[in-house]
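Student:
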């Protein structure tokens with residue numbers, strides 16, 4: 001049977017997802033060719049191949065999303081069936097197994113630094129290490145909760161993997177450019193000597209190809225208190241504000257159709273999972289010996305994106321469905337605060353770890369351990385929030401599967 005046809009939101013979503021899938025596929029093909037050239041020229045090519053696998057994987061996921069959204073455009077009743085995320089407790093064993101062996105195999109290969117072996121192994125290992133934790137975290141937070149029409153679930157995921165990241169990247173770059181231009185204008189007026197010095201440094205860096213030489217040239221500026229303050233301020237304030245506003249962009253678009261704050265919570269998690277996947281797989285395109293560390297720490301970042309977006313999604317649905325606007329502001333600023341503290345700790349840990357190179361060896365043992373411990377505590381806390389929220393939401397009748405509600409009412 002078929003329902004009302006020509007659903008405008010579904011048609012527009014299908015167009016966006018379809019075009020994005022083709023674009024990602026084109027990126028994947030281009031990067032495959034670049035990686036092959038690098039491999040045969042003795043330049044490696046593994047990093048490009050990881051990127052190719054990532055974009056190909058995005059295209060595959062968007063194809064799945066397009067299939068379910070297509071059902072809605074064709075007026076099929078199945079598109080409006082309520083969706084439950086297929087999660088079971090035994091999945092944790094699979095996640096641990098894939099993660100352990102993926103890091104072990106990929107880490108060993110990256111340390112060996114054999115170009116052709118890295119080219120063959122690391123792309124698949126990146127996906128096997130990054131995707132399962134996302135599945136697990138989402139299952140912990142959303143398992144057993146109805147999220148509304150099936151097509152909308154996949155529409156939110158598809159839009160959050162495409163439009164959301166594009167909007168955020170553009171805005172963050174525009175703001176960063178404005179900061180750089182504003183800072184340059186200030187230096188040109190207030191400290192023309194320093195401005196001329198930095199202009200000359202920029203010219204040298206453009207002509208220099210040795211990364212260590214570039215780092216040595218930048219070291220005095222990186223260790224400068226004002227530069228550190230502005231940099232960490234951008235990472236800990238501007239980036240969280242932009243990302244927590246636009247990560248759940250699809251939830252904002254469907255806000256009037258969401259039936260309950262519980263659905264908003266889960267759809268917010270969907271948005272966070274999609275963005276976390278996009279960010280993590282792109283960050284994993286590193287074939288150096290640090291590959292294992294990079295892909296491992298991405299699990300914490302993905303958990304952050306899912307937890308904070310779930311809070312904002314809950315606030316959005318509360319504002320539109322229950323007219324509780326205060327919840328929206330509270331949840332948004334709570335998400336920004338959590339995200340900001342996480343980013344500040346991560347940036348602080350990164351800068352502290354470079355203390356020896358920056359001429360500040362005391363940073364390594366004074367600040368780095370505290371920052372890392374802070375990130376670990378926050379990760380445990382966010383995981384606990386997902387577990388507690390899931391249990392509380394499932395005790396709310398509106399969030400239970402329809403069959404269970406019928407049994408309870410009987």
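Numbering (the working numbering), first residue to last: 1 to 410.
For every residue, glycine included, the Cβ atom is placed at its ideal position computed from N, Cα and C.
Fair warning: this is a prediction, and the values are worked out from it, not measured in the lab.
(1) Let me know if residue 15 comes out buried or exposed under the rule of 16 or more other beta-carbons within 10 Å of its beta-carbon.
(2) From residue 146 to residue 13, what does the alpha carbon distance come to, in whole angstroms?
(3) Is residue 97 closer than 8 angstroms to residue 291 when the C-beta atoms are compared?
(4) Just tell me which of 44, 59, 114 and 129 has its CA closest to the CA of residue 283.
(5) Count the other CB atoms within 10 Å of the CB of residue 100; is the residue buried (16 or more) or exposed (fewer)?
(6) Residue 369 by DSSP, collapsed to three states: which one?
(7) At 4 residues or longer, and completely inside the region 23-95: list those alpha helix (DSSP H) runs for me, N to C.
(8) Report buried or exposed for residue 65, applying the criterion of at least 16 other Cβ atoms within 10 angstroms of its Cβ.
(9) Rounded to whole angstroms, what's the CA-CA distance from residue 404 to residue 153? Just pull it up for me.
(10) Pick from 261, 260 and 310: whose alpha carbon is nearest that of residue 275?
(11) Keeping to the same chain, check which residues put their C-beta closer than 6 angstroms to that of residue 402; ignore five residues upstream and five downstream.
(12) Given a threshold of 16 other Cβ atoms within 10 Å of its Cβ, counted over all protein chains shown, does residue 2 qualify as buried or as exposed?
(13) Quick check on DSSP: helix, strand or coil for residue 248?
(14) Is residue 218 near the ligand COA, in the sense that its beta carbon is under 7 angstroms from a heavy atom of that ligand?
(15) Tell me which same chain residues have a C-beta within less than 6 angstroms of the C-beta of residue 144, skipping the five on either side of it?
(16) Taking the alpha-carbon positions, what's the residue 332 to residue 248 distance?
(17) Going by DSSP, what residues sit across from residue 149 in a beta bridge?
(18) Take every Cβ of the region 51-61, pair it with every Cβ of the region 19-34, and state whether three or more of those distances are shorter than 8 angstroms.
(19) Could you tell me if residue 57 is buried or exposed, where buried requires 16 or more neighbouring beta carbons within 10 angstroms of its beta carbon?
(20) If you drop the 5 nearest sequence neighbours on each side, which residues of the same chain put their C-beta closer than 7 angstroms to that of residue 340?
(21) Please classify residue 366 as buried or exposed, where buried requires at least 16 other C-beta atoms within 10 Å of its C-beta.
(22) Within its chain, find whatever has a CB closer than 8 angstroms to the CB of residue 11; leave out the 5 residues flanking it on each side and keep chain order.
Tutor: Working from what's here:
(1) exposed
(2) 22 angstroms
(3) no
(4) 129
(5) exposed
(6) helix
(7) 46-73
(8) buried
(9) Summary for residue 404: the model assigns pLDDT 44, below 50, so the residue's position carries little reliability, and this model does not support an answer.
(10) 310
(11) With a pLDDT of 49 at residue 402, under the threshold of 50, the predicted position of this residue should be treated as unreliable, though the coordinate-derived value follows. There are no such residues.
(12) A caution first: residue 2 carries a pLDDT of 48, below 50, which makes its placement in the model too unreliable to give a value.
(13) coil
(14) With respect to the ligand COA, the structure offers nothing, as it holds no ligand at all.
(15) 394
(16) 11 angstroms
(17) 82
(18) yes
(19) buried
(20) 236, 237 and 240
(21) exposed
(22) 73
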